[in-house]
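Reviewing the structure listed below.
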Amino acid sequence: MAQAAHQIKKHLRRRIANKTETVTPGSELEVIEIFCDSKRYPGPIRTVGSDSASTRCNRTVEGTVLRTSKLNQILSIDSRSVTVQAGVRMRDLASELATRDLELACGCDAPDRTVGGAIASGSTISAIPGDAGHLSSIASSLTLITPEGRRIVVGENFQDLIRAVRLSYGLLGCITTVTLRTRPIRTCSIEHQRFDFAQFQGHIQSPGMNDAGIKFYLLPFRDKVFIELRRYTDDGKKGRELPWKIRDWACNAALPTVVRSVSRIMPIRRIRYPVIDGVSEATQILVSNTFVETGSNSMEQTGRFRKLIVTPTTHNCTWIFPAKRFGFVVSAYRKFCLDYYESSGFRCDLPAIGFRINQDNQSLLSPTFDSTAFAICIRTNKHSGWPDFVLELAEFSAQFDGIPLLNQTPGATAESVSAAYGTRLDHFCSVRRHLDPANRMLNQFFAQTIGS
Ligand SMILES: Cc1cc2nc3c(=O)[nH]c(=O)nc-3n(C[C@H](O)[C@H](O)[C@H](O)COP(=O)(O)OP(=O)(O)OC[C@H]3O[C@@H](n4cnc5c(N)ncnc54)[C@H](O)[C@@H]3O)c2cc1C
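All residue numbers for the sequence shown refer to the working numbering, where the first residue is 3 and numbers rise by one.
Structure follows, in structure tokens:
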């Protein structure tokens, strides 16, 4: 029976693969040719960067998948900006900038992604107050190949258009080059704190947190929250690289590997989860006690161990909540996890990661357009039970005005997208219809979530 199901799946996969053509253009001209030739390259055309999206935004059962991996040149760097092709990985860019003592003028937590993917989709970062909320906002100029094959350079003098193209999820065409603002590397201090959920609820909105960038790890089954606060020091001292490398390795390579191994060898969940939680907590204690006291965007973005696709079985789902009520959300989230485990037997095996994201109205589909907000990125290695969990999570999030990201929030409904983005989504859709009258870029996922 299982073998028959496997054969059917394989057959379906092959059929799907046959209907979808993957192209990897090496130049802007090739992108234009692809967009202009609708017979050879039928729609929907989905542009894919490093393919880390956790929704079906990049999926299509027929049509064309355009990969940007060959558009990977850094074109020019000066003291204030860098111009790159869209397929350059954030890590490679950060490493090149670091050789000149420069960094991007914005945080970025997942350096495996491409610059194009990070600009065209929602990003969640621990932004220090004063910095942009989203990486896309430091893009001062973009080259866009429209769905009809026109090449347009969109600078900040075209405010309306650049706000639509940032976070446009590949719906307005393919971004081929981007100019991003840079600055000399700025050092920040890192302070670690530990709370239980009740303490965290009170503390997260206290004035003491206002001047810091906030990242935190939630362990609901241990009732523990580990916080990392970042503040610029500008004392001229460069942070030490080794502690960051060790931290990066511990959190992003060692922990997921150990958790996976424990899950494999320990079938009894009453033993398995306490062991996993123990390892997660020990990792956080180790990292906060020993290693990192200073850092910079540059140091974070050149890390080696944070792989976006940790394994094909790592799943994640991010919801964003307005800052005003976040203290309540986080306590309710713990209760939700405990209750759901009790009733269904499913729980996530990796700590959720949270960030405070600055208010940012530089793009129409900015999830923090109206106010500062907190993101919770929920992660697990466990597949069975995950699809149902994300649906319940969507209902939970709706009670707290949760804002979904179109690339990172599986389970979000058209209603939740419309409630979160409102008239800005209407405006974006009218720009989309203008630039893509034949719906060349619109796949089933977007047709269902944002409409045509
Ligand atoms: C394990 C894991 C951890 C993650 N952690 C974080 C995190 O901490 N913070 C965070 O912000 N994100 C995180 N993400 C999400 C991910 O990094 C973002 O979705 C990222 O911005 C996408 O970059 P990408 O190159 O993978 O783009 P893809 O996933 O390939 O594409 C994302 C969207 O952008 C569009 N797109 C891509 N390139 C172009 C282009 N050149 N022109 C036009 N449209 C384009 C696509 O069509 C799609 O709609 C994580 C993902 C995973 C799997």
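Even for Gly, the Cβ is constructed at its ideal location relative to N, Cα and C.
These figures come from a predicted structure and were not determined experimentally.
Between Asp162 and the set Asp438, Thr451, Ser432 and Gln450, the nearest pair of CA atoms involves Ser432. Relative to the Cα of Met268, the nearest Cα in the group Leu366, Phe338, Pro44 and Asp351 belongs to Asp351. Checking the DSSP bridge columns, you'll see Cys379 partnered with Thr320 and Ile355.
Taking 8 Å as the upper bound for CB-CB distance, Gly404 and Ser418 are in contact here, some 7 Å apart. Here the region 366-383 does not lie against the region 175-189, with fewer than 3 beta-carbon pairs under 8 Å apart. Under DSSP, Glu394 forms no beta bridge with any residue. Lys217 is classed as buried because its beta carbon has at least 16 other beta carbons within 10 Å across all chains shown.
Residues Pro324, Ala325, Lys326 and Gln361 of the same chain have their beta carbon placed closer than 8 Å to that of Ser373, with the five preceding and five following residues left out of the count. Rounded to whole angstroms, the gap between the alpha carbons of Thr370 and Ser125 is 11 Å. For Ser56, the closest alpha carbon among the candidates Gly109, Trp321, Arg426 and His205 is that of Trp321.
The C-alpha of His136 is placed about 12 Å away from the C-alpha of Gly119. Distance between Gln195 and Ile278, taken at the CA atoms: about 21 Å. For Tyr171, there is no enclosing beta strand (DSSP E), as DSSP gives it neither H nor E.
With the criterion CB distance below 5 Å from any heavy atom of ligand 1, the matching residues run Thr49, Val50, Gly51, Ser52, Asp53, Ser54, Ala55, Cys59, Thr70, Ala88, Asp111, Ala112, Arg115, Thr116, Gly118, Gly119, Ala120, Ala122, Ser123, Ser125, Thr126, Tyr171, Gly172, Cys176, Ile177, Leu310 and Asn409 along the chain.
DSSP places Gly413 outside both helix and strand once states are collapsed to three, so it counts as coil. As computed with DSSP, Ser143 is found in a beta bridge with Gly157 and Thr181. Under the DSSP assignment, Arg274 falls in the alpha helix (DSSP H) whose first and last residues are Arg271 to Leu288.
Boundaries of the beta strand (DSSP E) around Arg48: Ile47 to Val50. Around the Cβ of Phe430, a 10 Å sphere holds 16 or more other Cβ atoms; the residue is buried.
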